[in-house]
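Line by line, the protein sequences give chains A and B.
According to our numbering, numbering within the first sequence proceeds without interruption in unit steps and concludes at 326.
According to our numbering, numbering within the second sequence proceeds without interruption in unit steps and concludes at 326.
Contents: one structure, followed by commentary.
There are 2 protein chains.
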Amino acid sequence: MDKDLKACVAEGQVFVALPGRAVRARGSPEIARVSTGCSNCNLHEICIPCGLTGREVDQVEELIYARRCVKRGESLYRAGDAFNSLYAVRSGFFKTSQTLEDGREQITAFYMAGEIMGMDGIGPERHSCNAVALEDSQVCVILYSQLEVLSRDLPGLQQQFHKVMSREIAREHGVMLLLGSMRAEERLAAFLLNLSQRFAARRYSGREFVLRMTREEIGSYLGLKLETVSRAFSKFQEEGLISVRHKRVGILDAAGLKHMIGRGLH
Amino acid sequence: MDKDLKACVAEGQVFVALPGRAVRARGSPEIARVSTGCSNCNLHEICIPCGLTGREVDQVEELIYARRCVKRGESLYRAGDAFNSLYAVRSGFFKTSQTLEDGREQITAFYMAGEIMGMDGIGPERHSCNAVALEDSQVCVILYSQLEVLSRDLPGLQQQFHKVMSREIAREHGVMLLLGSMRAEERLAAFLLNLSQRFAARRYSGREFVLRMTREEIGSYLGLKLETVSRAFSKFQEEGLISVRHKRVGILDAAGLKHMIGRGLH
DNA sequence: CCCCTCTCTTGATATGGGTCAAACTCTGCG
DNA sequence: CGCAGAGTTTGACCCATATCAAGAGAGGGG
Chain A
61 MDKDLKACVA EGQVFVALPG RAVRARGSPE IARVSTGCSN CNLHEICIPC GLTGREVDQV
121 EELIYARRCV KRGESLYRAG DAFNSLYAVR SGFFKTSQTL EDGREQITAF YMAGEIMGMD
181 GIGPERHSCN AVALEDSQVC VILYSQLEVL SRDLPGLQQQ FHKVMSREIA REHGVMLLLG
241 SMRAEERLAA FLLNLSQRFA ARRYSGREFV LRMTREEIGS YLGLKLETVS RAFSKFQEEG
301 LISVRHKRVG ILDAAGLKHM IGRGLH
Chain B
61 MDKDLKACVA EGQVFVALPG RAVRARGSPE IARVSTGCSN CNLHEICIPC GLTGREVDQV
121 EELIYARRCV KRGESLYRAG DAFNSLYAVR SGFFKTSQTL EDGREQITAF YMAGEIMGMD
181 GIGPERHSCN AVALEDSQVC VILYSQLEVL SRDLPGLQQQ FHKVMSREIA REHGVMLLLG
241 SMRAEERLAA FLLNLSQRFA ARRYSGREFV LRMTREEIGS YLGLKLETVS RAFSKFQEEG
301 LISVRHKRVG ILDAAGLKHM IGRGLH
């Protein structure tokens with residue numbers, strides 16, 4: 061794993077020093093911990109430490125092997141890479157995608173702060189998709205082997221980790237429903253409402269936000285072409301459901317958007 | 061959970077006595093165990109006990125709270141039901157589906173012997189989809205609370221469980237690729253190859269098998285209408301890739317099927 | 001700060017798969 | 001054993017979304 065670190069540095073990826081550790085070695089753990097640990101992270105209600113006691117959160121901090129910066133457009137990992145760790149988004153925005161031989165790309169998820177990436181790698185022990193930053197981002201690197209060990213001692217951590225995986229499965233069921241059974245406009249409405257909720261859960265505005273992804277990426281996620289996405293945006297705007305100006309979206313009528321999903325053709 | 065059992069019995073569901081337990085109480089554990097336990101189950105290489113030592117498998121057997129019979133067309137659980145247990149398919153065949161308000165149904169998975177159902181319920185603590193038997197089936201009921209406890213003591217069990225969840229995530233990524241990026245015939249080809257592999261892994265013929273689901277159910281899973289599925293079957297048959305006669309399918313040219321996936325339009 | 005490139009919008013046209021319809025074929029039940 | 005109903009096949013037609021095209025706008029790198 062130290063090898064892993066060196067390899068990454070060699071590739072030009074930036075690692076953030078973890079003062080919590082460095083300083084602890086110098087003998088003033090409290091202050092150091094507060095400066096970067098999970099307990100001080102404003103995402104702890106969403107991320108892995110959710111529901112744990114203060115003491116437990118301190119132990120979970122030990123899982124964070126490093127922080128890693130990923131610039132916009134760069135890969136965090138690629139399909140086929142050996143699997144060692146999960147990644148918690150600390151800041152920024154990611155997409156994961158799978159590719160067909162002829163180059164067709166399917167985006168399988170967008171990840172924002174507090175969400176965990178890489179769980180599909182546990183089974184095959186290698187990553188099965190590509191993770192790319194959509195803006196300059198930072199992730200917490202969670203060594204999976206340590207997570208396994210620690211979650212044997214902390215039932216709360218075990219539970220939370222299982223819930224995180226389970227929710228990923230449930231989320232994907234939702235996407236399958238969307239891709240398999242919804243029409244273009246329903247898909248986009250569901251997508252916007254989902255983004256809105258997730259921003260709101262992070263105490264950002266759910267009513268107004270900036271899309272981090274292009275129309276093409278939205279289309280890839282929703283199984284549509286970018287032109288279809290663009291047209292649906294325009295139609296929603298005409299109907300007063302949203303306001304769009306390029307990547308800036310305002311949700312004007314969330315109830316109206318909800319209402320158009322799953323109610324048949326009219 | 062005893063309540064759970066009574067409720068189910070009241071609904072007319074059949075439970076299979078677990079002689080392993082009853083007999084153990086009478087003092088001859090070995091014989092009893094062999095008659096029904098995981099160690100004797102021909103699925104143990106696929107199912108939860110995969111990779112565990114004999115001694116560990118004995119402990120895992122304790123997880124199986126009951127066996128339950130589900131007749132063709134009956135529900136194992138429904139969306140909204142409280143989540144208590146996972147289910148391992150012992151014999152038979154299941155579908156899970158999600159439904160939109162207007163009745164559109166999306167089948168999210170088909171499960172065959174040795175596969176684990178219900179993992180999407182862990183996070184929300186209730187099932188989020190419906191599980192229906194496509195033929196008379198039997199499942200092993202795995203109490204989730206006990207699985208949590210036992211997997212703290214058995215690292216091998218913990219690992220295997222994480223792998224099972226992870227593979228479910230990876231499988232769904234594959235389905236998303238299929239639904240979002242493939243054309244009708246590619247989808248059906250991918251579906252048939254997947255079924256074929258899974259039958260083969262269970263030492264059934266991967267070259268010839270009987271579909272347990274209708275064209276409509278295949279269509280629902282693949283995001284297509286039943287007529288489209290039927291036409292694709294006919295086309296594959298004309299091209300000599302498969303033989304179909306209603307639910308009986310023969311794979312005549314697996315390489316040919318593989319070749320038509322992900323290679324662009326021609 | 002400006003240019004270049006990437007992204008987005010909108011229109012015209014094409015088409016894959018959906019919809020509707022009818023006939024055929026199993027299967028299971030009386 | 002035969003009938004009813006569910007499931008399947010196939011044809012004709014249509015529509016939602018893809019495809020192709022062109023121009024406008026925005027933002028990031030030098």
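We put the CB at the ideal spot given by N, CA and C, even for glycine.
Given the structure is predicted, the values throughout are model-derived calculations rather than measurements.
Exposure label - residue i; buried when at least 16 CB within 10 Å
| i | result |
| --- | --- |
| B:Asn102 | exposed |
| B:Gly349 | The displayed coordinates of chain B run from 61 to 326. Any statement about residue 349 of chain B would go beyond what the structure contains. |
| B:Glu287 | exposed |
| A:Ser241 | buried |
| B:Thr33 | Look at the range of chain B in this structure, 61 to 326, and you will see that residue 33 of chain B is not part of it. |
| B:Gln166 | buried |
| B:Thr274 | exposed |
| A:Ser265 | exposed |
| B:Arg323 | exposed |
| B:Asn100 | exposed |
| B:Ser88 | Low per-residue confidence applies at B:Ser88: pLDDT is 37, beneath 50, and the placement is therefore not dependable enough to give any value. |
is_contact[residue i, chain B] using C-beta, thresh 9 Å
| i | result |
| --- | --- |
| A:His222 | yes |
| A:Glu134 | no |
| A:His104 | no |
| A:Val94 | Confidence is the limiting factor: at A:Val94 the pLDDT is only 38, short of 50, which leaves the residue's position unreliable and the question unanswerable from this model. |
| A:Leu248 | no |
| A:Ile321 | yes |
| A:Asp162 | yes |
| A:Pro89 | Residue placement at A:Pro89 is poorly supported in this model, since its pLDDT is 33, which falls under 50; the coordinates are not used for a value here. |
| A:Glu245 | no |
| A:Ala82 | Only weak support is given to the placement of A:Ala82: the predicted model assigns it a pLDDT of 45, under 50, and the value that follows is read from those uncertain coordinates. Not one chain B Cβ lies under 9 Å of A:Ala82. |
Through-space distance from residue j to residue i, alpha-carbon basis
| i | j | result |
| --- | --- | --- |
| B:Leu210 | B:Asp162 | 42 Å |
| A:Met179 | A:Ile229 | 10 Å |
| A:Gly300 | A:Gly279 | 22 Å |
| B:Glu232 | A:Leu237 | 12 Å |
| B:Phe269 | A:Leu253 | 43 Å |
| B:Phe75 | B:Ile108 | 21 Å |
| B:Val130 | A:Ile182 | 32 Å |
| A:Phe140 | B:Phe170 | The sequence given here has Gly at residue 140 of chain A, not Phe. When rounded, the distance between both Cα atoms is 27 Å. |
| B:His104 | A:His306 | 54 Å |
| A:Lys295 | A:Val289 | 10 Å |
| B:Leu160 | A:Gly174 | 29 Å |
| B:Arg128 | B:Thr96 | 13 Å |
| A:Thr113 | B:Leu203 | 26 Å |
| A:Gly111 | A:Gln220 | 8 Å |
| A:Met225 | B:His222 | 9 Å |
| B:Glu298 | B:Val304 | 10 Å |
| B:Leu239 | B:Arg262 | 26 Å |
| B:Gln198 | B:Arg227 | 23 Å |
| A:Arg308 | A:Leu255 | 13 Å |
| A:His319 | A:Ala244 | 15 Å |
| A:Glu277 | B:Ala126 | 46 Å |
Beta carbon of residue i nearer than 9 Å to that of residue j
| i | j | result |
| --- | --- | --- |
| B:Arg186 | A:Gln218 | no |
| B:Val149 | B:Ile176 | yes |
| B:Leu248 | B:Ala292 | yes |
| A:Gln119 | A:Leu214 | yes |
| B:Ala193 | B:Gly152 | yes |
| A:Arg267 | A:Gly310 | yes |
| B:Gln158 | B:Ser205 | no |
| B:Phe251 | B:Tyr281 | yes |
| B:Leu271 | B:Ala191 | no |
| A:Ile9 | A:Leu312 | Residue 9 of chain A cannot be examined here, being either before or after the span of chain A that is shown, 61 to 326. |
Any chain A beta carbon closer than 9 Å to residue i
| i | result |
| --- | --- |
| B:Ser99 | no |
| B:Gly324 | yes |
| B:Gln206 | no |
| B:Glu116 | no |
| B:Arg212 | yes |
Selection of the segment 175-198 of chain A by Cβ proximity to chain B, strictly under 8 Å: Answer in chain order: Met179, Asp180, Gly181, Ile182, Gly183, Pro184, Ser188, Cys189.
Residues from the segment 214-242 of chain B in contact with chain A, defined by Cβ distance under 8 Å: Among the residues of the segment 214-242 of chain B, those with a Cβ less than 8 Å away from any Cβ of chain A are Pro215, Gln218, Gln219, His222, Lys223, Val224, Met225, Ser226, Arg227, Glu228, Ile229, Ala230, Glu232, His233, Gly234, Val235, Met236, Leu237, Leu239, Gly240, Ser241, Met242, in the order of the chain.
Where the segment 275-302 of chain A meets chain B: residues whose CB sits under 8 Å from a CB there: Residues passing the 8 Å Cβ filter: Ser280, Tyr281, Leu282, Gly283.
Cβ-based contacts, 7 Å cut-off: residues of the segment 144-169 of chain B near chain A: Of all residues in the segment 144-169 of chain B, the ones placed with a Cβ closer than 7 Å to any Cβ belonging to chain A are Gln158, Leu160, Glu161, Asp162, Arg164, Gln166, Thr168, in chain order.
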